[in-house]
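Read through the structure below, which is laid out as structure tokens, and then see the notes.
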Amino acid sequence: MASRSVNKVILIGHLGRDAETAYTASQVAVTKFSVATNRRWKDQQTGEWKEETDWSRVVLWRGENVAPYLTKGTQVYVEGRLQTRSYDDKDGKKVWATDVVADQVILLGGRGAGGGSGAGAGGEEGFSQEGYAQPASQGAGQGMRSAPRARPAAAPAAAEPPMQDGISDDDVPF
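Everything in the sequence shown is counted per this note's numbering, starting at 9 for the first residue and increasing by one.
Right under this line is the structure:
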């Protein structure tokens, strides 16, 4: 029997604060940010709707080109893996932390529920682990690499979102 395991995380949420980029001793950029994801359910006993927000810490290596675009409230798609690490706090107590190590970050545009600035449909821009810009329709590692382009002005919202590759928002299972 073949031994196989999967460690994959997909998040769609909003940034809780601006991303921060630091550099290791060997001058490799590491960008860190947190993503809020919401879950809503109806309480069976009271019949009221309840909501819970989960916060995920995200680490993106070699993402210095991304940091200026990752601002508080921006909606993002993050794909990566979970990594648990430990360290000793100032009192010498061992602390465990779990982060999402991002392989791909795609800016979905908009800030919170109000829309704000951001790329509209078709103007989404993604960043692979290497930190190079990629069109959202192109997967990671397919050869398209360029510098981040300026974000276009937000277009007025259309009544119906345009279909991309024959897929509408109704076809997405989440």
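Positions of the beta carbon are idealized from the N, C-alpha and C atoms, including for glycine.
The Cβ atoms of V36 and V108 do not sit closer than 8 Å to each other. Closest in C-alpha terms to L116, from the list G81, W63, E56 and G100, comes G81. Measuring C-alpha to C-alpha distances from S42 to each of S94, A75 and E59 identifies A75 as the nearest.
The way I'd put it, the region 78-95 does touch the region 19-32; three or more beta-carbon pairs between them come closer than 8 Å.
Separation of Q112 and T61 (C-alpha to C-alpha, rounded to the nearest whole angstrom) is 22 Å. The three-state secondary structure of A75, taken from DSSP, is helix.
At the C-beta level, A27 and T39 come within 8 Å of one another.
For Q91, the enclosing beta strand (DSSP E) begins and ends at T82 to D96.
Only residues of its own chain outside the window of five on either side were considered, and among them N15, V17, T106, D107, V108 and V109 have a CB closer than 8 Å to the CB of L90, listed in chain order. Of the candidates S64, L68, E56 and D51, L68 places its Cα closest to the Cα of A30. Ranked by Cα distance from Y77, the options A10, I114 and T32 are led by I114.
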